[in-house]
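Undergrad: Numbering (my numbering), first residue to last: 598 to 1089. My questions will all concern the structure given below.
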């Protein structure tokens, strides 16, 4: 079956052909007809199977027959968890819509907002966005949703895992109720599946592979390693194998920086990519990696989303992830579109629990290899495959709404400008800690009661009394900025 059988128009088919595709992937063959019919879709497919085109092509087909977009309005909204994925999805939208009278834009944080506002001012048929920047633009009245027809959550499981659920719900409240909802992801845990069902209406569920499975085109194996020997082992693997392009995963941003620095010192060009890097630095690192100027790209899980490199030969887990599902996402960067790839993991004894969790998830015991000269002193425990089904986690109960005042608001008397009792009270009279305070010049008009209490007591030589005195000026009025309290100097 070719793309011509999917009821797509000639301009879209021409663009698809120019991208080198003539046969739809399984996810595309199932998703495109359902989306063209206007149904909500919830689809799970392995990374690299063409799921982006699975929703992009039918959306463009539907929009091409609709009304013209108004200024500042959006007709289709695609939400992604990261900047890199947003840029990658927008590139696909741009390529497939080149022969259509439609325009598109991508917005994300880390760059100036004004150029994005200018693009939106003319209206956008397809907007690809990250949730945070989209809310910024909405709060500045730069984007409106009354014309919205389609909403897409791409990498939906990752968006929810990363804590975007609150932002997503805020955005959903802004959108028209009558719209088409599409959720696409590489994996769906049972917990995420149940949560996602609340965001779509009677969705058509599409799955072209076993949940949390890995592509058969990826050769997976591990090297048991001591933690301190991982970096030298990676250098040996790269040099001995003459790897020209390898994506390495680190758990942390600082770890990515340290590893990239180490590799560069060993004569292997490397660049880190993570959330602390500016968007310009991230874009340059990815471009240099694609062009071959950089051999190793060291990435965190979040930053790696959206990295789409054709025929990427190797992926290395310098540290295996804490979350088992992330392993599937990581190695999905290689072995795409039928190409063969390798996924190598360096695993120390402390990571045994994470390894066993991954093997249970994918229902495979990963083969182990030993790198010459690097036999670990701390042995990695042998794997025993756990075939028990993984139970779905119970969704957390929502927090009870606070009955008190909302964040940033004062309540009770505070709302009328009164201070709570006991807070910021001005102290009058003698204090126990006066002796601890340095004696010196102080602004006029402070500590009046103590000055008055000492007036006429014969302590005129005391420096504190001199600076705090209520001595009248030439007009006979006390030298005070505020109205003075009744003088005590005339007491009998």
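From the three backbone atoms N, C-alpha and C, an ideal C-beta is built for every residue, glycine too. Note that the structure is a prediction, hence the values are computed from the model and not measured.
Return the chain-ordered list of same chain residues with a C-beta closer than 7 Å to the C-beta of residue 625, the five sequence neighbours on each side being excluded.
TA: Counting from 1 along the chain shown, the entry for residue 625 is found at position 28. Excluding residues within five positions, the ones whose Cβ falls inside 7 Å are 647, 650, 651.
Undergrad: For the beta strand (DSSP E) that residue 857 lies in, which residues bound it at each end?
TA: Sequence index remark: in the chain shown, residue 857 carries index 260 (1-based). Looking at the DSSP string, residue 857 is not in any beta strand (DSSP E); the run it does join, the alpha helix (DSSP H), is 850-862.
Undergrad: Quick check: the Cα distance between residue 829 and residue 677, rounded to an integer number of angstroms?
TA: The sequence position of residue 829 within the chain shown is 232, counting from 1. The sequence position of residue 677 within the chain shown is 80, counting from 1. Cα to Cα, residue 829 sits roughly 36 Å from residue 677.
Undergrad: Going by beta carbon distance, what residues of the same chain come within less than 6 Å of residue 932, once the five residues before and after it are set aside?
TA: Here residue 932 is taken as the residue at index 335 of the chain shown, counted from 1. 812, 814, 815, 938.
Undergrad: Name the DSSP bridge partner or partners of residue 869?
TA: The count along the chain shown starts at 1 and reaches residue 869 at position 272. Beta-bridge pairing links residue 869 to 895.
Undergrad: Distance check for residue 918 and residue 953, CA to CA, integer angstroms please.
TA: Here residue 953 refers to the residue found at position 356 when the chain shown is read from its first residue. Here residue 918 refers to the residue found at position 321 when the chain shown is read from its first residue. Residue 953 and residue 918: Cα-Cα distance of roughly 12 Å.
Undergrad: Count the other CB atoms, across all protein chains shown, that sit within 10 Å of the CB of residue 1053; report buried if there are 16 or more and exposed otherwise.
TA: For this step, residue 1053 is matched to residue 456 along the chain shown. Confidence at residue 1053 is low in this model, with a pLDDT of 47, below 50, so the placement of that residue should be treated as unreliable; the coordinate-derived value is given next. Exposed: under 16 other Cβ atoms inside 10 Å.
Undergrad: For residue 953, which three-state DSSP category applies?
TA: Indexing the chain shown from 1 puts residue 953 at position 356. Helix, per DSSP.
Undergrad: With distance defined between alpha-carbon atoms, name the residue in 640, 675, 719 nearest to residue 656.
TA: Residue numbering aside, residue 656 sits at position 59 when the chain shown is read from its first letter. Ranking 640, 675, 719 by Cα distance to residue 656 puts 675 first.
Undergrad: Residue 725 lies in the beta strand (DSSP E); which residues open and close that run?
TA: As a position in the chain shown, residue 725 is number 128, starting the count at 1. That run of the beta strand (DSSP E) goes 721-726.
Undergrad: Distance, Cα to Cα, residue 920 vs residue 608?
TA: If you number the chain shown from 1, residue 920 lands on position 323. If you number the chain shown from 1, residue 608 lands on position 11. Residue 920 and residue 608: Cα-Cα distance of roughly 42 Å.
Undergrad: Which residues does DSSP list as the beta-bridge partners of residue 741?
TA: Within the chain shown, residue 741 is the residue found at index 144, counting from 1. According to DSSP, residue 741 bridges with 670.
Undergrad: Between which residues of its own chain and residue 692 is the CB-CB distance below 7 Å, once the five residues before and five after are set aside?
TA: Here residue 692 refers to the residue found at position 95 of the chain shown. Closer than 7 Å at the Cβ level, and outside the excluded window around residue 692, lie 612, 616.
Undergrad: Please name the residue in 728, 737, 705 whose C-alpha comes closest to that of residue 718.
TA: Translated into positions along the chain shown, residue 718 becomes position 121. The option with the nearest alpha carbon to residue 718 is 737.
Undergrad: Identify whether residue 636 lies in helix, strand or coil by the three-state DSSP scheme.
TA: Taking the first residue of the chain shown as position 1, residue 636 is located at position 39. Of the three classes helix, strand and coil, the one that applies to residue 636 here is coil, per DSSP.
Undergrad: What's the call for residue 635, buried or exposed, on a 16-neighbour Cβ count within 10 Å?
TA: Residue mapping note: residue 635 aligns to position 38 of the chain shown, counting from 1. The residue in question, residue 635, is exposed, as its Cβ has fewer than 16 Cβ neighbours within 10 Å.
Undergrad: Does the beta-carbon distance from residue 805 to residue 642 come in below 8 Å?
TA: Here residue 805 is taken as the residue at index 208 of the chain shown, counted from 1. Here residue 642 is taken as the residue at index 45 of the chain shown, counted from 1. Their beta carbons are under 8 Å apart, which means residue 805 touches residue 642 by this criterion.
Undergrad: Taking DSSP as the reference, what is the three-state secondary structure of residue 971?
TA: By one-based count along the chain shown, residue 971 stands at place 374. Coil, per DSSP.
Undergrad: What does a CB cutoff of less than 6 Å around residue 627 pick up in its chain, not counting 5 residues either side in sequence?
TA: Here residue 627 refers to the residue found at position 30 when the chain shown is read from its first residue. For residue 627, where only same-chain residues beyond five positions count, the Cβ hits under 6 Å are 803.
Undergrad: Note the first and the last residue of the continuous alpha helix (DSSP H) segment covering residue 932.
TA: One-based indexing of the chain shown puts residue 932 at position 335. Careful: residue 932 lies outside any alpha helix (DSSP H) and carries neither H nor E.
Undergrad: Going by beta-carbon coordinates alone, are residue 729 and residue 667 separated by less than 8 Å?
TA: Along the chain shown, read from residue 1 onward, the residue named residue 729 stands at position 132. Along the chain shown, read from residue 1 onward, the residue named residue 667 stands at position 70. The answer is no: Cβ separation not under 8 Å.
Undergrad: Taking the alpha-carbon positions, what's the residue 739 to residue 766 distance?
TA: Within the chain shown, residue 739 is the residue found at index 142, counting from 1. Within the chain shown, residue 766 is the residue found at index 169, counting from 1. If you take the alpha carbons of residue 739 and residue 766, they lie about 20 Å apart.
Undergrad: Between which two residues does the alpha helix (DSSP H) containing residue 886 stretch?
TA: Within the chain shown, the letter at position 289 stands for residue 886. 876-888 is the extent of the alpha helix (DSSP H) around residue 886.
Undergrad: Just the Cα atoms here: how many angstroms apart are residue 726 and residue 704?
TA: Position 129 of the chain shown holds residue 726. Position 107 of the chain shown holds residue 704. Each residue's Cα considered, the two are about 5 Å apart.
Undergrad: When DSSP builds the beta bridges, which residues end up paired with residue 676?
TA: The residue labelled residue 676 in the question sits at position 79 within the chain shown. In the DSSP output, where bridge partners are listed per residue, residue 676 has 726, 750.
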